[in-house]
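Counting from 1 along the sequence shown, just add 77 to a position and that's the residue number in the numbering used here. Each residue gets a CB set at the ideal place from its N, CA and C atoms; glycine is no exception.
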Amino acid sequence: MKTTFFTGRGDEGSSLIGKQKLQKNQIEFQLLGELDELNSWLGLCRVEAKKVIRELYRSNIEDVAGILKNIQETLFIAQAEVASVAFQYPLTHKVTQEKTEDIEEVIKRIDKVLPSILVFIIPGETELAGRIDYARALSRRVERTCVAFHGEKEVSPYLLQFLNRLSGVLFALARYSNHVLGVKESSPEYS
């Protein structure tokens with residue numbers, strides 16, 4: 078069976094979910110779209126991580142690409158959970174507390190090897206860090222949209238907790254990427 082990429086009729090800005098026609102500007106679609114955008118961007122980060130960090134492979138270097146892939150897998154679970162809540166489907170997948178604990182462990186491991194910071198850091202310095210920093214900004218938008226969605230339809234506290242920690246692990250991964258690539262971070266001069 079071939080995949081149908083379009084119907085030829087257009088959808089007039091709405092989508093049929095079950096037997097219900099919903100406008101695509103509803104917060105459910107906004108949140109699902111933002112989760113998809115973040116997941117896609119993390120895919121680009123993962124490709125870059127494989128390219129640059131694999132060249133430096135030593136047994137003591139974190140598998141940045143693997144960590145990003147695990148986050149992507151969790152984002153698919155998050156999308157399934159949001160869709161279940163939004164469109165009243167049976168809940169088959171749910172973000173668990175263990176997913177948050179997993180990324181907290183990554184943050185703790187990375188924090189042990191990074192120098193302390195007392196000032197803001199300018200995003201970027203390397204292609205990989207810049208991409209991950211952008212993913213961090215996207216993750217914060219996803220979290221804000223999920224909080225707004227939660228005001229209308231209740232989502233799991235574990236999903237909210239995971240999204241809250243996500244920007245932290247991405248910040249740590251961006252800094253870590255610069256660190257293992259031997260690139261010094263810079264801070265704003267405010268001049």
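Residue F226 holds the alpha-carbon nearest to the alpha-carbon of E111 among F226, A206, G207.
Looking from the CA of I104, the closest CA among L258, G228, L237 belongs to G228. The C-alpha of E204 is placed about 25 angstroms away from the C-alpha of S268. With a cutoff of 8 angstroms on beta-carbon distance, S216 and L250 are scored as not near each other. Looking at N241, S233, D210, the one whose alpha-carbon comes closest to that of R123 is D210.
Only residues of its own chain outside the window of five on either side were considered, and among them H170 have a CB closer than 6 angstroms to the CB of A157, listed in chain order. In this structure, F239 and K176 form a Cβ contact; the two beta carbons are roughly 5 angstroms apart against a cut-off of 8 angstroms. By the criterion of a C-beta distance shorter than 6 angstroms, V129 is surrounded in its chain by L205, once the five residues flanking it on both sides are discounted.
Under a 10 Å Cβ-count criterion, S254 is classified as buried, with 16 or more other Cβ atoms of the shown protein chains found around its own Cβ. Closest by C-alpha distance to I148, out of N116, S193, S263, S161, is N116.
In this structure, L109 places its C-beta atom within 8 angstroms of the C-beta atom of V159. The continuous alpha helix (DSSP H) containing G120 extends over residues 104-130. With respect to the 8 angstroms criterion, S264 and F164 are not classified as neighbours on the basis of their beta carbons. Looking only at E220, Y166, V162, V172, the smallest Cα-Cα distance to E150 is reached by V172. Classified as exposed, A214 has fewer than 16 neighbouring CB atoms from the shown chains inside 10 Å of its CB. Annotation for Q238: the continuous alpha helix (DSSP H) segment containing it runs 234-257. The beta carbons of R252 and L195 sit no closer together than 8 angstroms.
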